[in-house]
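Position 168 (the sequence shown) corresponds to 168 in the UniProt record's numbering; numbering is contiguous. Worksheet: one structure, shown below.
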Amino acid sequence: MPDDYIHELARKWLAGTATEEEINILMQWYGKEEMDIVRDEDRPRRRHLSTVWWMAAAVIIAVGIWALYPKQVEKKLIVYVPKQQQNRIVLPDSSIVWLNADSKLQYTDGPQRREVTLSGEAFFDVKKADKPFVVKAGGSTTTVLGTSFNIKAYNGEPTAITVASGKIRVEDERKHITILTANKQITLKEVTDSTAERTVNATVYHAWIKGGFEVNNETFESIANMLSRKYDVAFHFENDALKKCTFIASFDEHTSMERILELLCKINNSTFRISQDKKEVYISGEGCQ
């Protein structure tokens, strides 16, 4: 759908002159595009859309959905963070959420509703309250009162929930309940319908908040997925054996993608090549040594 047409619909919406049909077209377009909603003013501009357009987008989703369903007092908000970016969000109940790249968070703009839906990765610092805080992500439901934890739930990947402090309750799709405390992690694998619990150093799993990059027994394929979101590149492996190599590594926020790949490839005797446009990475070699 042409950008000019969408822009015109947005302007008509904000002016209050959009017809019901035009509103439906705009909402359908939003559902396909998953546009970003940026709440903090110091967030860098996206390359493709102007700041004015982002403001319009925020109004459309935050206010527009309420206009379609006026009987609902609370507004549903959606925050999407694209690749190469991160975002810090303060929820209505004062809980703080750090959203990692290529992640989406849905929540209700009302302090009485403490329930969010996550697709991607986020670190939560939940404020204590009488009413539980609920996170739905990757086929799991996590319930807490006041704690901090990381949830990684990208489509097509296992869901990993790691507790930094306090205690949480996790329920999977089979209604199996697990109680986790600090430095405990549970991994839910949808493909095999299995769960695994272990003790970890929780700081490794939310190092990304400060720009760091840490992995603990992660496969090369999993690391490639992380780098793909962090740097907005696509990875191609010469063979499946390379994907299965595992690594334990730690890099600070100043380490470039090229340096990370250089060190990882050196460990397992492989090589990498980056395309001229910096959008494709090719990994070659025999696999783990």
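Where a beta carbon is used, it is the ideal one built from N, C-alpha and C, also for glycine.
Taking Ala207 as the centre and dropping the five residues before and after it, the same chain places the C-beta of Phe213, Glu214 and Ser250 closer than 8 Å to its C-beta, in chain order. Per DSSP, reduced to three states, the secondary structure at Glu253 is coil, with no helix or strand assignment.
Beta-bridge annotation (DSSP): Ser284 is paired with Thr271. Cβ-Cβ distances below 7 Å link Thr181 to Val163 and Lys167 in the same chain, with the five nearest sequence neighbours on each side left out; the list follows chain order. Annotated three-state conformation of Asp125 is strand, per DSSP. Per DSSP, reduced to three states, the secondary structure at Asn225 is helical. The secondary-structure analysis by DSSP pairs Asn216 across a beta bridge with Ile248.
Secondary structure of Val81 (DSSP, three-state): strand.
It is roughly 20 Å from the alpha-carbon of Lys128 to the alpha-carbon of Leu105. Buried is the label assigned to Gln185, since at least 16 other Cβ atoms lie within 10 Å of its Cβ. In terms of CA proximity to Gly156, Ser119 leads the group Glu22, Ser119 and Phe247. Under the three-state reduction of DSSP, Thr147 is assigned to coil, being neither helix nor strand.
Judged by DSSP secondary structure, Leu242 falls within the alpha helix (DSSP H) whose first and last residues are Asp240 to Lys243. With respect to the 8 Å criterion, Asp277 and Lys83 are not classified as neighbours on the basis of their beta carbons. Ala153 is bridged by DSSP to Gly120. Secondary structure at Ala101: coil, using DSSP grouped into helix, strand and coil. Sixteen is the threshold: since fewer than 16 other Cβ atoms of the shown chains lie within 10 Å of the Cβ of Gly211, the residue is exposed. In the DSSP assignment, Lys175 falls outside any beta strand (DSSP E) and carries neither an H nor an E.
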